[in-house]
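This note's numbering puts the sequence shown at residues 1040 to 1254. Note that the Cβ used here is the ideal one computed from N, Cα and C, for glycine as well.
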Amino acid sequence: MSEAQVAHRLRAAIVMDYQNIHLTAHDNFEAFGTPKHHSLIHPLAYARNVIDERNRRQRSGYPHADLVKMEVYRGQPVEEHEPKRYAYTQQELSRWTRDDRIDVIYRPLKYTIDRNSGVIRGIQEKGVDVLCALAVIRAVMNSNIDLVILATHDSDLDPCLEEAVQIGGTGTRVETTGWASSQIRTRQAPNVHGRKLWRTFLDEEAYRRCLDPDR
């Protein structure tokens, strides 16, 4: 690493669309039917792998980054409808936020319930993508952040990236990250104002390092 890279390291914030990242990995890296709740991603492990891989891929003269903040957005089961799953998320929250750089923000899931039987007919995550978009914009406007990395495979958030680049100007960099494998259709970051955003890809080996050991 050059002296310039040592002297000028970027303060990085990661915004994570948790369910999108988790399910994309599960669908592509778990070929033997591992239950989704046994293949959860640990946010801090994920952040470390993203930052390490990003830094490793930088060409000479380009600054490396250090994680200063991570916001994780995820749907949360409602205790009234799913008490066990709700309790699990509370345990996860306690484990995942032991590092004060990690903040997990839950949004209650939406349920479709049969009025006659009371049986749950459907469960949906609502509003998480909007929260991620708002978090990216806030981070870009934060003078203590030099680099904002959005973790998602959701192309619906592309307009957010375009706005973030415009707001950040030359002061704050905007990048993305996601998984890569032969099964995943390569998700390239969009061209924004005439240039392609940097995207850090993590492979299956990195996925294994990102798994929550307690699940």
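Roughly how many angstroms separate the alpha carbons of residue i and residue j, rounded to a whole number?
{"i": "E1118", "j": "Y1127", "result": "10 Å"}
{"i": "R1048", "j": "R1096", "result": "15 Å"}
{"i": "E1069", "j": "P1116", "result": "23 Å"}
{"i": "E1092", "j": "L1083", "result": "14 Å"}
{"i": "I1176", "j": "R1087", "result": "22 Å"}
{"i": "P1102", "j": "E1131", "result": "33 Å"}
{"i": "H1065", "j": "Y1125", "result": "21 Å"}
{"i": "D1153", "j": "I1162", "result": "12 Å"}
{"i": "W1237", "j": "V1213", "result": "8 Å"}
Helix, strand or coil: which one does DSSP assign to residue i?
{"i": "Q1097", "result": "coil"}
{"i": "C1176", "result": "Reading the sequence as shown, one finds Ile at residue 1176 and not Cys. In this structure, I1176 counts as helix in the three-state DSSP scheme."}
{"i": "D1197", "result": "helix"}
{"i": "E1069", "result": "coil"}
{"i": "L1186", "result": "strand"}
{"i": "K1165", "result": "coil"}
{"i": "A1219", "result": "coil"}
{"i": "L1049", "result": "strand"}
{"i": "N1059", "result": "helix"}
{"i": "T1151", "result": "strand"}
Determine, using beta carbons only, whether residue i and residue j come nearer to each other than 7 Å.
{"i": "V1231", "j": "V1204", "result": "yes"}
{"i": "A1104", "j": "A1051", "result": "yes"}
{"i": "R1146", "j": "V1179", "result": "no"}
{"i": "Y1112", "j": "L1170", "result": "yes"}
{"i": "C1199", "j": "A1174", "result": "no"}
{"i": "N1067", "j": "H1192", "result": "no"}
{"i": "H1013", "j": "D1251", "result": "Look at the range of the chain in this structure, 1040 to 1254, and you will see that residue 1013 is not part of it."}
{"i": "V1054", "j": "E1110", "result": "yes"}
{"i": "T1215", "j": "V1089", "result": "no"}
{"i": "E1164", "j": "G1114", "result": "yes"}
{"i": "P1220", "j": "E1243", "result": "Reading off the sequence shown, one finds Ser at residue 1220, where the question assumed Pro. Yes."}
{"i": "Y1057", "j": "C1249", "result": "no"}
Going by DSSP, which residues form a beta bridge with residue i?
{"i": "V1089", "result": "DSSP lists no partner for V1089."}
- Task: Inspect the CB distances between the stretch 1205 to 1215 and the stretch 1134 to 1151 and report whether three or more fall short of 8 Å.
- Result: no
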